[in-house]
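In what follows, a single structure is set out as structure tokens and then discussed.
2 protein chains.
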Amino acid sequence: MKKSAQTREHILQAAEKLFSEFGFDGTSLREITHEAGVNLASVNYHFGSKKGLIQAVMERYQRVFMPALQEELEFRVARGGISTESLLSCFVRPLTALEDVRADGAEVYLKLLGFAYSEIQGHLRRFTMNRFGSVIQDVFRLFVQANPHLTAETLFWRLHFALGTVLFAQVSAKALSEIARADFSDPTPENLMMQRLLPYIAAGISAPEMSLPETSMHKSEALS
Amino acid sequence: MKKSAQTREHILQAAEKLFSEFGFDGTSLREITHEAGVNLASVNYHFGSKKGLIQAVMERYQRVFMPALQEELEFRVARGGISTESLLSCFVRPLTALEDVRADGAEVYLKLLGFAYSEIQGHLRRFTMNRFGSVIQDVFRLFVQANPHLTAETLFWRLHFALGTVLFAQVSAKALSEIARADFSDPTPENLMMQRLLPYIAAGISAPEMSLPETSMHKSEALS
DNA sequence: ACAGAAATTAAACAGCTGTTTTAAACGTAA
DNA sequence: TTACGTTTAAAACAGCTGTTTAATTTCTGT
């Protein structure tokens, strides 16, 4: 009951590291057990299957993150003054709390969440940039021109955020539509989702420049 | 030279259909050739490899979309009055032009683009909702409370957009940071990207309700 | 120290993947 | 029709995947 918990932990740490870097489909059990220095079969012995390992990895983070988030939300509700920004700030402390799980816990957890929905295809991006890079540069330059109150760096990031929003929403359009139809009896078909996307993207891109680069949005001032 | 082009087209159409539905990694060459009604080896014969087939599928759409986008941008620039909304509207006509490639061309192309960056993991979403669904509902309810000028349906969608933005940006954080460093010598490290994300997300979520459900944002009024 | 449970190990399993091979069938120009 | 280059076809290839088996070792409670 001591050595077993040890290899269990080694497997989990190796899986966290490799999953967050290469994704779930992109990481084999052999790579994990090799990184962990344990036998291949021990994964199935301790976690039943690869899916069981994935859920065990995620659960370690969610068991820290989710209660912390709930606590933060309740605290924010108790003192009133709810705003979008204040609600978003509620995610900060739960993320930093993930350092208890791992030194770079917040980063790993978000990447795991991201890979839970997505896996990157790198060669297509290079393929597109080599062939139509000038168009992308034009788009960028025009957006800079249209937003004189923003720096080029900020717009660079926000345009990629917008790209990510559109692509992600499009990929999950089917699932989201089903949920929306169940929760709100929302008659919005999938092909009208772009009309819902546009206001969101426009406001996000043209939003005021990012606030102070200090440690704002932290809950420390809530107790002072 | 006639039968060959025929199987080539069958392969491309089957690949478009299956890729856009199950992703690139999630679709095998055997599934494609079965759907197309052709022999397995014909994919390697006509496209060299699976990667070659993927690029051929994407190229068919990009060869229509990218020039149309460039044209739309030049037209918009010529008559001035550039705004974020008007620039976003420049993407509408190029997307609808993809109907020349396929009846649901715009939808397929966006899904292909989405899968180019991501592949969905469905079971993790259900796993999270079953275990921490109440927290997610609390988050949603509070966001509704914080945005009385928006309907619940709109907020449902925008919160998922925000989730998609964060996850996507986090997954591509490394690649984006490298590009930003090369283009702007941007010293922003990866861990400061969340500070860039917050203003974007906040503005997107709290943006005014979506505009008229008619055919706004189309370039037709530009000539009137 | 011993018996029994728990855990590790090496090996093989069945199934899938993209790719290659070899030969047959096809289309086309002489 | 004959001959030749192109295209199709069935089969096998080598490699990877997650999983299982069976034997061995290690740990633990008495």
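In order, the protein sequence lines correspond to chains A and B. In terms of numbering that gives the first Met the number 0, the first sequence opens at residue 0 and continues consecutively. In terms of numbering that gives the first Met the number 0, the second sequence opens at residue 0 and continues consecutively. Ideal placement from N, C-alpha and C gives every residue a C-beta, glycine not left out. For clarity, every value in this text was computed on a predicted model and none was experimentally measured.
**Message:** Taking 8 Å as the threshold (beta carbon to beta carbon), is residue 154(A) in contact with chain B?
**Reply:** One-based indexing of the first sequence puts residue 154(A) at position 155. Output row for residue 154(A): interface = no.
**Request:** Using three-state DSSP, classify residue 78(B) as helix, strand or coil.
**Result:** Against the second sequence, residue 78(B) aligns to sequence position 79. Residue state, collapsed to three classes: coil.
**Asked** Taking DSSP as the reference, what is the three-state secondary structure of residue 120(B)?
**Response** Numbered from 1 along the second sequence, position 121 holds the residue referred to as residue 120(B). Model confidence at residue 120(B) stands at a pLDDT of 37, short of 50, so the residue's coordinates are unreliable; what they give is reported in the following sentence. Correct three-state label for residue 120(B): coil.
**Asked** Who are the near neighbours of residue 30(A) in its chain, counting only those whose CB is closer than 7 Å to its CB and skipping five residues on each side?
**Response** For the purposes of this step, residue 30(A) is taken as residue 31 along the first sequence, with counting starting at 1. Here the set comprises 17.
**Request:** State the start and end residues of the unbroken alpha helix (DSSP H) segment that holds residue 34(B).
**Result:** On the second sequence, residue 34(B) is found 35 positions in, with the first residue counted as 1. 28-35 is the span of the alpha helix (DSSP H), which, as asked, contains residue 34(B).
**Prompt:** Hey, quick one: how far does the alpha helix (DSSP H) through residue 94(A) stretch, first residue to last?
**Reply:** Here residue 94(A) is taken as the residue at index 95 of the first sequence, counted from 1. Per DSSP, residue 94(A) belongs to the alpha helix (DSSP H) from 91-95.
**Asked** Which one of 168(B), 207(B) and 205(B) has the shortest CA to CA distance from residue 194(B)?
**Response** In the second sequence, the residue the question calls residue 194(B) occupies position 195. With distances taken between Cα atoms, residue 194(B) lies closest to 168(B).
**Asked** What do you get for residue 183(A), buried or exposed, if any count of 16 or more other CB atoms within 10 angstroms of its CB means buried?
**Response** Translated into positions along the first sequence, residue 183(A) becomes position 184. Label assigned to residue 183(A): exposed.
**CB contact below 8 Å: residue 46(B) versus chain A** = Start at 1 with the first residue of the second sequence, and residue 46(B) comes out as number 47. Residue 46(B) does not count as touching chain A.
**Prompt:** Is there at least one Cβ from chain B nearer than 8 Å to residue 92(A)'s Cβ?
**Reply:** Here residue 92(A) refers to the residue found at position 93 when the first sequence is read from its first residue. No, residue 92(A) lies away from the interface with chain B (no Cβ there is under 8 Å from its Cβ).
**Request:** Please classify residue 77(B): is it buried, with 16 or more other beta-carbons within 10 angstroms of its beta-carbon, or exposed?
**Result:** Stepping through the second sequence from its first residue, residue 77(B) is reached at position 78. Answer is exposed; the Cβ neighbour count stays below 16.
**Request:** Could you check the C-alpha separation between residue 102(B) and residue 62(B) for me, to the nearest Å?
**Result:** Walking along the second sequence from the start, residue 102(B) turns up at place 103. Walking along the second sequence from the start, residue 62(B) turns up at place 63. The straight-line gap from Cα to Cα measures roughly 16 Å.
**Asked** Can you name the residues of chain A whose CB is closer than 8 Å to the CB of residue 183(B)?
**Response** The sequence position of residue 183(B) within the second sequence is 184, counting from 1. Within chain A, the residues near residue 183(B) are 151, 152 and 155.
**Request:** In the DSSP assignment, find the alpha helix (DSSP H) that holds residue 42(B) and state where it starts and stops.
**Result:** Numbered from its first residue, the second sequence carries residue 42(B) at position 43. Residue 42(B) -> alpha helix (DSSP H) spans 40-46.
**Asked** Of the residues 34(B), 20(B), 112(B) and 51(B), which one's Cα is nearest the Cα of residue 13(B)?
**Response** On the second sequence, residue 13(B) is found 14 positions in, with the first residue counted as 1. With distances taken between Cα atoms, residue 13(B) lies closest to 34(B).
**Request:** Give the secondary structure of residue 164(A) by DSSP, where H, G and I count as helix, E and B as strand, and everything else as coil.
**Result:** Numbered from 1 along the first sequence, position 165 holds the residue referred to as residue 164(A). Annotated three-state conformation of residue 164(A) is helix, per DSSP.
**Asked** In the structure shown, what three-state DSSP assignment does residue 17(A) receive?
**Response** In the first sequence, the residue the question calls residue 17(A) occupies position 18. Correct three-state label for residue 17(A): helix.
**Item:** Best match in 72(A), 110(A) and 48(A) for proximity to residue 92(A) [C-alpha to C-alpha]
**Value:** Walking along the first sequence from the start, residue 92(A) turns up at place 93. Among 72(A), 110(A) and 48(A), the Cα nearest to that of residue 92(A) belongs to 72(A).
**Item:** Given residue 226(B) as reference, the closest of 53(A), 99(A), 157(A) and 21(A) once Cα atoms are compared
**Value:** Because chain B in this structure spans residues 0 to 223, residue 226(B) falls outside the shown range and cannot be described.
**Request:** Please look up how many angstroms separate the CB atoms of residue 57(B) and residue 97(B), rounded, as I've assumed it's under 8 Å.
**Result:** Locating residue 57(B) in the second sequence gives position 58, counting from the first residue. Locating residue 97(B) in the second sequence gives position 98, counting from the first residue. That belief does not hold up - the Cβ atoms of residue 57(B) and residue 97(B) are roughly 12 Å apart, past 8 Å.
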